[in-house]
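Visitor:
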Amino acid sequence: MEFGPKRAAVMSKEEVMDQQQPSRPTWSRQIEFTLAGIGCAVGLGNVWRFPYLCYRSGGGAFLVPYLLMLVVLGIPLLYMELTVGQYTRRGPVHALATVCPLLKGVGMASVAISFIMCTYYNVVITWALYYLFSSFQAPLPWQSCNNTWNTPNCTDHATNSSYSSTASQEFFKYKMLGQTNGVEETGTLRWELFLILILAWILIYLCIFKGVKSTGKVVYFTALFPYVILIALLINNVQLPGASEGIAFFIVPEWDKLRSVEVWVNAAAQIFNSIGIGFGSLLAMSSYNSFNNNVLKDTLFISITNSLTSILAGFVIFSAFGYMSYLQGIPVSQLAVDGPGLVFVVYPQAFANMPVSQLWAVLFFFMLLCLGLDSEFAMVEVLVTSFMDQFYQRVIRIFKRQELFVLAICGVALLLGIPCVMQVGIFVFQLMDHYTAIVSIMFLAFFEIIAVCWSYGVKRLSSNLEEMTGRKPNIFFRLCWLVVDPVLITVILIFSIIQFRPARYGDYVFPPWAQGVGWVIALASIIWIPLGAIHTLWVLPGSLMKKLKLSITPYALNETEGLYKERGGGTGEPSISVISSNTSLPEKSQFETNF
Numbered sequence: 017m018e019f020g021p022k023r024a025a026v027m028s029k030e031e032v033m034d035q036q037q038p039s040r041p042t043w044s045r046q047i048e049f050t051l052a053g054i055g056c057a058v059g060l061g062n063v064w065r066f067p068y069l070c071y072r073s074g075g076g077a078f079l080v081p082y083l084l085m086l087v088v089l090g091i092p093l094l095y096m097e098l099t100v101g102q103y104t105r106r107g108p109v110h111a112l113a114t115v116c117p118l119l120k121g122v123g124m125a126s127v128a129i130s131f132i133m134c135t136y137y138n139v140v141i142t143w144a145l146y147y148l149f150s151s152f153q154a155p156l157p158w159q160s161c162n163n164t165w166n167t168p169n170c171t172d173h174a175t176n177s178s179y180s181s182t183a184s185q186e187f188f189k190y191k192m193l194g195q196t197n198g199v200e201e202t203g204t205l206r207w208e209l210f211l212i213l214i215l216a217w218i219l220i221y222l223c224i225f226k227g228v229k230s231t232g233k234v235v236y237f238t239a240l241f242p243y244v245i246l247i248a249l250l251i252n253n254v255q256l257p258g259a260s261e262g263i264a265f266f267i268v269p270e271w272d273k274l275r276s277v278e279v280w281v282n283a284a285a286q287i288f289n290s291i292g293i294g295f296g297s298l299l300a301m302s303s304y305n306s307f308n309n310n311v312l313k314d315t316l317f318i319s320i321t322n323s324l325t326s327i328l329a330g331f332v333i334f335s336a337f338g339y340m341s342y343l344q345g346i347p348v349s350q351l352a353v354d355g356p357g358l359v360f361v362v363y364p365q366a367f368a369n370m371p372v373s374q375l376w377a378v379l380f381f382f383m384l385l386c387l388g389l390d391s392e393f394a395m396v397e398v399l400v401t402s403f404m405d406q407f408y409q410r411v412i413r414i415f416k417r418q419e420l421f422v423l424a425i426c427g428v429a430l431l432l433g434i435p436c437v438m439q440v441g442i443f444v445f446q447l448m449d450h451y452t453a454i455v456s457i458m459f460l461a462f463f464e465i466i467a468v469c470w471s472y473g474v475k476r477l478s479s480n481l482e483e484m485t486g487r488k489p490n491i492f493f494r495l496c497w498l499v500v501d502p503v504l505i506t507v508i509l510i511f512s513i514i515q516f517r518p519a520r521y522g523d524y525v526f527p528p529w530a531q532g533v534g535w536v537i538a539l540a541s542i543i544w545i546p547l548g549a550i551h552t553l554w555v556l557p558g559s560l561m562k563k564l565k566l567s568i569t570p571y572a573l574n575e576t577e578g579l580y581k582e583r584g585g586g587t588g589e590p591s592i593s594v595i596s597s598n599t600s601l602p603e604k605s606q607f608e609t610n611f
């Protein structure tokens, strides 16, 4: 980048940052980032959450608000996150501190929420491994009620009676979980699940311990192979009797449902949570891109692939539901349930009646394993990237090697996940998921958009894109960033608060003290937003008004004694790039030292 004849006497912002940090690794090939992004966005929620929302919200009619929200919310916000990560070349903590020092706590909150989620999300991978190992038995252990864990109320067929339970329900509840009656009863450690949880964390570690260099190789398989299995399952399922009724239930529109605001809010929330806006995962991954990478191409590929995968999974799931409806003579609406029950109770029940049931069960649960691993990679990577950005010298001094630091993170997360593999585990899982994935993430997203779209500004973001790719974003993206997306996120946040329901699992409602624990879990991430703002105002120099002004000025936390000077040209862009050659680099700021 030439800035004039005195190029030799100046230093760009990127060069200054590189002197303060070790050289940043990049993806070996750009396709590795694209596949890792797809793996991060496409997860278990595409298999269980999207089909459930679709059937509950008007079948095919739900696709209208869903696809609209993809265009006006999902794609623009993913474009924004990838741009910020690639331009700053830092994880969420440094990136948010750079664009809006006052809201640097949003980056810290992203790290906190990713760490909390990775502790309990890996339990789902543990369940998938447990079912995968159990699928090699003949007959499948959830195929009949002739097992030691079954109760007298067990039935081989789905029924409307509340006094009986199916064989697959009892396998999930009594054999795998050993479930207690509520969160008040902790029970004992489920040793089988604990050992499998250790195995799951070993798999995670082996895939990420070398950073993007190892993750980039693994995603070739974990991101692509699930599609082979999904297509194979679909081909098998559509040939089963009753499959057409299930697919019709999935896609036939009930247009009256579109009059409900809740349907539109659900569509926006699904796009939002599925792509992972606010979690910091994709932002962290994009920080390892080459500076001139085509951000828009990756944005479109990741977001569109994510939505098409959800729709494909919908066809797979509901064709199987149609088959079950045909066999058991009950409506499809009585088979579909939300959350883990969809893939660990209802769908395994369908396998039990399919030809070559063991083969399809193995393929399905191996697919769940791949989907879960990709998402888990991304969550752990947020934490590793943020710590290495912030405390590189200290981490290397203590752990000697980055691989040992990653091992320590995996070990701590393993220990924190132990409550989820006790007999009370399903209630702990549900409580953490409700208050982390539903409550916290909406607040994070709201403040992230305020920080980037309004504080940093659309003009600056557009200039950053032009500097990286040679082209500014078109008017559609600039309008979405400036008006449409902030308004939509505000509406979603308001309706999330209005429609908030306390955590529950089936018919079980968590007691008040457990709800209190849930709010503590939510605050464990949200609290960093006000704490970050207070710390910024504390370390910035000058009067209160000057502190407030600096706190919404990009790079204010990096500026020391006028080190950075605004680039000329009259555009008002604080892309702050030039430093006189006789100006020495600053010592680490108090921000860098303390955080």
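Each residue of the sequence shown is one higher than the one before, starting from 17 at the first, in our numbering.
Note that CB positions come from ideal geometry on N, CA and C, so glycine has one too.
Report all residues from its chain with a CB closer than 6 Å to the CB of Arg-105; omit the five preceding and five following residues, and keep chain order.
Guide: By one-based count along the sequence shown, residue 105 stands at place 89. So the qualifying residues of the chain are Arg-40, Ser-303.
Visitor: Checking the sheet assignment: what are the DSSP bridge partners for Leu-60?
Guide: In the sequence shown, the residue the question calls residue 60 occupies position 44. Beta-bridge pairing links Leu-60 to no other residue.
Visitor: Within this structure, are the beta carbons of Gly-53 and Met-301 separated by less than 8 Å?
Guide: Indexing the sequence shown from 1 puts residue 53 at position 37. Indexing the sequence shown from 1 puts residue 301 at position 285. It is a contact, given that the beta carbons lie within the stated cut-off.
Visitor: Less than 8 Å between the beta carbons of Val-108 and Val-468, yes or no?
Guide: Translated into positions along the sequence shown, residue 108 becomes position 92. Translated into positions along the sequence shown, residue 468 becomes position 452. The question names Val, yet the displayed sequence has Pro at residue 108. Going by C-beta atoms, Pro-108 is not nearer than 8 Å to Val-468.
Visitor: So what does DSSP say about Tyr-82, is it helix, strand or coil?
Guide: Taking the sequence shown and counting its residues from 1, the one referred to as residue 82 is at position 66. Correct three-state label for Tyr-82: helix.
Visitor: Quick check on Gln-409: buried or exposed, where buried means 16 or more other Cβ atoms within 10 Å of its Cβ?
Guide: Your numbering for residue 409 matches position 393 in the sequence shown. Exposed.
Visitor: Can you give the Cα-Cα distance for Ser-335 and Ile-47, rounded to whole angstroms?
Guide: Along the sequence shown, one-based indexing puts residue 335 at 319. Along the sequence shown, one-based indexing puts residue 47 at 31. Approximately 33 Å between the Cα atoms of the pair.
Visitor: Near Phe-74, what residues of its chain come up, given a Cβ to Cβ distance below 8 Å and the 5 sequence neighbours on each side ignored?
Guide: Translated into the one-based positions of the sequence shown, residue 74 becomes position 58. One detail in the question is off: residue 74 reads as Gly in this sequence, not Phe. Once the five neighbours on either side are set aside, the close Cβ partners of Gly-74 are Pro-269, Glu-270, Trp-271, Asp-272, Lys-273, Leu-274, Val-279.
Visitor: For Cys-161, which of helix, strand or coil comes out of DSSP?
Guide: Here residue 161 is taken as the residue at index 145 of the sequence shown, counted from 1. Coil at Cys-161, not helix or strand.
Visitor: Just reading off the alpha helix (DSSP H) that Ala-429 is part of, what are its end residues?
Guide: Mapped onto the sequence shown, residue 429 falls at position 413. Residues 418-432.
Visitor: Output the boundary residues of the alpha helix (DSSP H) element that contains Met-484.
Guide: Here the question's residue 484 lines up with position 468 in the sequence shown. Met-484 -> alpha helix (DSSP H) spans 474-485.
Visitor: Between the C-alpha atoms of Ile-291 and Pro-168, what's the straight-line distance to the nearest angstrom?
Guide: Here residue 291 corresponds to residue number 275 of the sequence shown, with the count starting at 1. Here residue 168 corresponds to residue number 152 of the sequence shown, with the count starting at 1. Roughly 44 Å between the two C-alpha positions.
Visitor: With DSSP run on the structure shown, which of helix, strand or coil describes Ser-181?
Guide: Along the sequence shown, read from residue 1 onward, the residue named residue 181 stands at position 165. Three-state DSSP puts Ser-181 in a strand.
Visitor: How many angstroms separate the CA atom of Pro-528 from the CA atom of Ala-519?
Guide: Here residue 528 corresponds to residue number 512 of the sequence shown, with the count starting at 1. Here residue 519 corresponds to residue number 503 of the sequence shown, with the count starting at 1. If I take the Cα positions, the gap works out to 10 Å.
Visitor: The alpha helix (DSSP H) with Asn-253 in it runs from where to where?
Guide: Here residue 253 corresponds to residue number 237 of the sequence shown, with the count starting at 1. 241-253 is the span of the alpha helix (DSSP H), which, as asked, contains Asn-253.
Visitor: Where His-110 and Ala-239 are concerned, what is the direct C-alpha to C-alpha distance, given to the nearest angstrom?
Guide: Position 94 of the sequence shown, counting from 1, holds the residue named residue 110. Position 223 of the sequence shown, counting from 1, holds the residue named residue 239. Answer to the nearest angstrom: the Cα atoms are 28 Å apart.
Visitor: For Leu-215, which of Leu-385, Phe-266, Ser-456, Phe-78 has the nearest alpha-carbon?
Guide: To locate residue 215, count along the sequence shown from 1; it is residue 199. Looking at the Cα atoms, Leu-385 is the closest of the given residues.
Visitor: Do you know whose CA, among Gln-195, Ala-125, Val-281, lies nearest Tyr-82's CA?
Guide: Counting from one through the sequence shown, the residue named residue 82 turns up at place 66. The shortest Cα separation from Tyr-82 among Gln-195, Ala-125, Val-281 belongs to Val-281.
Visitor: If the criterion is Cβ atoms closer than 8 Å, does the pair Val-437 and Val-199 meet it?
Guide: Translated into positions along the sequence shown, residue 437 becomes position 421. Translated into positions along the sequence shown, residue 199 becomes position 183. No. Outside cutoff.
Visitor: Below 8 Å between beta carbons: does that hold for Ser-341 and Gly-473?
Guide: Counted from its first residue, the sequence shown places residue 341 at position 325. Counted from its first residue, the sequence shown places residue 473 at position 457. No, they are not a contact pair.
Visitor: What are the partner residues of Arg-520, as DSSP defines its beta bridges?
Guide: Working through the sequence shown from its first residue, we reach residue 520 at position 504. Arg-520 pairs with Val-525.
Visitor: Lys-416 to Asp-390, Cα distance in whole Å?
Guide: On the sequence shown, residue 416 is found 400 positions in, with the first residue counted as 1. On the sequence shown, residue 390 is found 374 positions in, with the first residue counted as 1. So the two alpha carbons sit approximately 27 Å from each other.
Visitor: What are the boundary residues of the alpha helix (DSSP H) that Asn-322 is part of?
Guide: Reading the sequence shown from its first residue, position 306 is the one you call residue 322. Taken as a continuous stretch (DSSP letters only), the alpha helix (DSSP H) holding Asn-322 covers 311-344.
Visitor: For Thr-629, list the residues DSSP reports as bridge partners.
Guide: Outside the displayed range of the chain (17 to 611) lies residue 629, so it cannot be described from this structure.
Visitor: Would you give the residue range spanned by the alpha helix (DSSP H) that Ile-412 belongs to?
Guide: Position 396 of the sequence shown, counted from the start, is the residue given in the question as residue 412. Here the alpha helix (DSSP H) through Ile-412 covers 373-415.
Visitor: If distances are taken between C-alpha atoms only, which option among Gln-365, Ile-267, Leu-328 comes closest to Pro-242?
Guide: Within the sequence shown, numbered from 1, the residue matching residue 242 stands at position 226. Looking at the Cα atoms, Leu-328 is the closest of the given residues.
Visitor: Just to confirm before moving on: does the CB-CB distance between Ile-465 and Ile-505 stay below 8 Å?
Guide: Start at 1 with the first residue of the sequence shown, and residue 465 comes out as number 449. Start at 1 with the first residue of the sequence shown, and residue 505 comes out as number 489. For Ile-465 and Ile-505, yes; Cβs fall inside 8 Å.
Visitor: Under the three-state reduction of DSSP, which class applies to Thr-231: helix, strand or coil?
Guide: Within the sequence shown, residue 231 is the residue found at index 215, counting from 1. It is helical.
Visitor: Could you round the C-beta distance between Met-484 and Phe-307 to whole angstroms and report it? I think they count as a contact, below 8 Å.
Guide: On the sequence shown, position 468 is the one that residue 484 refers to. On the sequence shown, position 291 is the one that residue 307 refers to. So it is a contact: roughly 6 Å between Cβ atoms.
Visitor: Please state the DSSP three-state secondary structure of Leu-205.
Guide: Within the sequence shown, residue 205 is the residue found at index 189, counting from 1. The answer is strand: DSSP assigns Leu-205 an E or B state.
Visitor: Mind checking Ala-125: buried by the 16 CB within 10 Å criterion, or exposed?
Guide: Residue numbering aside, residue 125 sits at position 109 when the sequence shown is read from its first letter. The residue is buried, with at least 16 neighbouring Cβ atoms inside 10 Å.
Visitor: Within the continuous alpha helix (DSSP H) that includes Lys-562, where are the two ends?
Guide: Locating residue 562 in the sequence shown gives position 546, where the first residue counts as 1. From DSSP, the alpha helix (DSSP H) with Lys-562 extends over 560-567.
Visitor: Which class does Thr-114 belong to by DSSP, given the choice of helix, strand or coil?
Guide: Taking the sequence shown and counting its residues from 1, one reaches residue 114 at position 98. If DSSP states are grouped into helix, strand and coil, Thr-114 belongs with the helices.
Visitor: Where does Thr-506 fall in DSSP's three states?
Guide: On the sequence shown, position 490 is the one that residue 506 refers to. Helix at Thr-506.
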